[in-house]
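Visitor: This is the structure I have questions about; it appears just below.
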Amino acid sequence: MIYIGIGVVVVVGIFATLWLKAERERRELEGHSIEPEDLYALMNSKRDVLLLDVRQPLDLLAEAEIIPGARRVPPKEIRQISGTLPKDRDLFIYCTCPSDKTSREMTRRALALNFIRVKFLRGGLAAWKQKGYPVEPYRETFRLDTAT
């Protein structure tokens, strides 16, 4: 019976540790977010920013619009293109996922690749459009590959 109690304590301890780690990472990532109003102001100030649209192909099919000046990068290609992106520029990432899931993951990846001036657009394209900020039709061809 004592072994069951010890086992329960160990399992609860493991889950608590994992939860605390995930919560700490989530809070740290929140520091790498930007509101639509702030990004719009930066873009209007003619500041040199790099904006990446990291939506999955099916999301792009559903909503074939892009923020003017954004570069479409499939999530699975973020590592491949990282060597071509200047690390001294402000880098902003957006998607259309609930809770900014893809943007958050791509921000994590960019941080791991030593991009320190990287932020994800809180609320993604939907929040941007809700504020009435400009979008333009996305006309480039793309593959329906959903790998991340």
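Mapping of the sequence shown onto my numbering: residues 1 to 148, in sequence order. Here a beta-carbon is modelled for each residue, glycine too, at the ideal position from N, C-alpha and C.
To which residues of the same chain is residue 60 closer than 7 Å at the C-beta, ignoring the five residues directly before and after it?
Guide: Once the five neighbours on either side are set aside, the close Cβ partners of residue 60 are 138, 142.
Visitor: Kindly indicate the opening and closing residues of the alpha helix (DSSP H) around residue 78.
Guide: It spans 78-81 - the alpha helix (DSSP H) in which residue 78 sits, taken as one unbroken run.
Visitor: List the endpoints of the continuous alpha helix (DSSP H) containing residue 59.
Guide: Note, residue 59: alpha helix (DSSP H), 57-62.
Visitor: Pick helix, strand or coil for residue 48, following the three-state DSSP scheme.
Guide: Correct three-state label for residue 48: coil.
Visitor: Helix, strand or coil, according to DSSP, for residue 140 in the structure here?
Guide: Correct three-state label for residue 140: coil.
Visitor: Whose C-beta lies closer than 6 Å to the C-beta of residue 90 among residues of the same chain, with five residues either side of it excluded?
Guide: So the list reads 49, 117, once near-sequence residues are dropped.
Visitor: Report the option in 74, 63, 33, 70 whose CA atom is closest to the CA atom of residue 99.
Guide: Residue 33 is the option with its Cα nearest to residue 99.
Visitor: Mapping DSSP to helix, strand and coil, what is residue 22?
Guide: Model confidence at residue 22 stands at a pLDDT of 49, short of 50, so the residue's coordinates are unreliable; what they give is reported in the following sentence. Looking at residue 22 - three-state DSSP - the assignment turns out to be helix.
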